[in-house]
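Participant: What follows is a structure written as structure tokens; I'll ask about it next.
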Amino acid sequence: VVSIFVNPMQFDRVDDLARYPRTLQDDCEKLNKRHVDFVFAPTPAEVYPQGTEGQTYVDVPGLSTMLEGASRPGHFRGVSTIVSKLFNLVQP
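Going by our numbering, the first residue of the sequence shown is number 983, and it counts up by one from there.
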């Protein structure tokens, strides 16, 4: 099982989100060659039916400002939030 999701909560600038590549069909073809059984590719509306404003989030103090988080405020919070949401949805 593979999840593919472009998470709007990981982007602090709208133009970065707009430029991010979305190649779901191509990605699925590559995954098929790797014998992936299932691709979970929800839309932002499915993951965030109320939108991202006012969304409950997961924050990991100490890690949120390291590595990529140092130059991209909110990025790690978006990553930790979506990982938590995906685990709750898929329940691996």
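We put the CB at the ideal spot given by N, CA and C, even for glycine.
1. Answer yes or no: do residue 1062 and residue 1041 have a C-beta to C-beta separation smaller than 8 Å?
2. In this structure, how does DSSP classify residue 1046 when only helix, strand and coil are distinguished?
3. Kindly list the residues whose CB is nearer than 7 Å to the CB of residue 1009, restricted to its own chain and excluding five residues on each side of it in sequence; keep chain order.
4. Which first and last residues belong to the alpha helix (DSSP H) in which residue 1000 is found?
5. Leaving out five residues before and five after residue 1060 in sequence, what residues of the same chain have Cβ atoms less than 6 Å from its Cβ?
6. With a cut-off of 8 Å on the beta carbons, I'd call residue 1058 and residue 1068 a contact; round off their distance for me.
7. Who pairs with residue 985 in a beta bridge, going by DSSP?
Facilitator: So, from the listed chains and residues:
1. On the sequence shown, residue 1062 is found 80 positions in, with the first residue counted as 1. On the sequence shown, residue 1041 is found 59 positions in, with the first residue counted as 1. In contact: residue 1062 and residue 1041 (Cβ atoms closer than 8 Å).
2. Within the sequence shown, the letter at position 64 stands for residue 1046. Taken through DSSP and simplified to helix, strand or coil, residue 1046 comes out as coil.
3. Position 27 of the sequence shown, counting from 1, holds the residue named residue 1009. Scanning its chain for C-beta atoms nearer than 7 Å, with the 5 sequence neighbours on each side dropped, one finds around residue 1009 the residues 986, in chain order.
4. Residue 1000 sits at position 18 when you count from the first residue of the sequence shown. Residue 1000: member of the alpha helix (DSSP H) spanning 996 to 1001, first to last residue.
5. Locating residue 1060 in the sequence shown gives position 78, counting from the first residue. 989, 991 and 992, listed in sequence order.
6. Start at 1 with the first residue of the sequence shown, and residue 1058 comes out as number 76. Start at 1 with the first residue of the sequence shown, and residue 1068 comes out as number 86. Cβ atoms of residue 1058 and residue 1068 stay farther apart than 8 Å, at about 16 Å.
7. The residue you call residue 985 lines up with position 3 of the sequence shown. Beta-bridge pairing links residue 985 to 1022.
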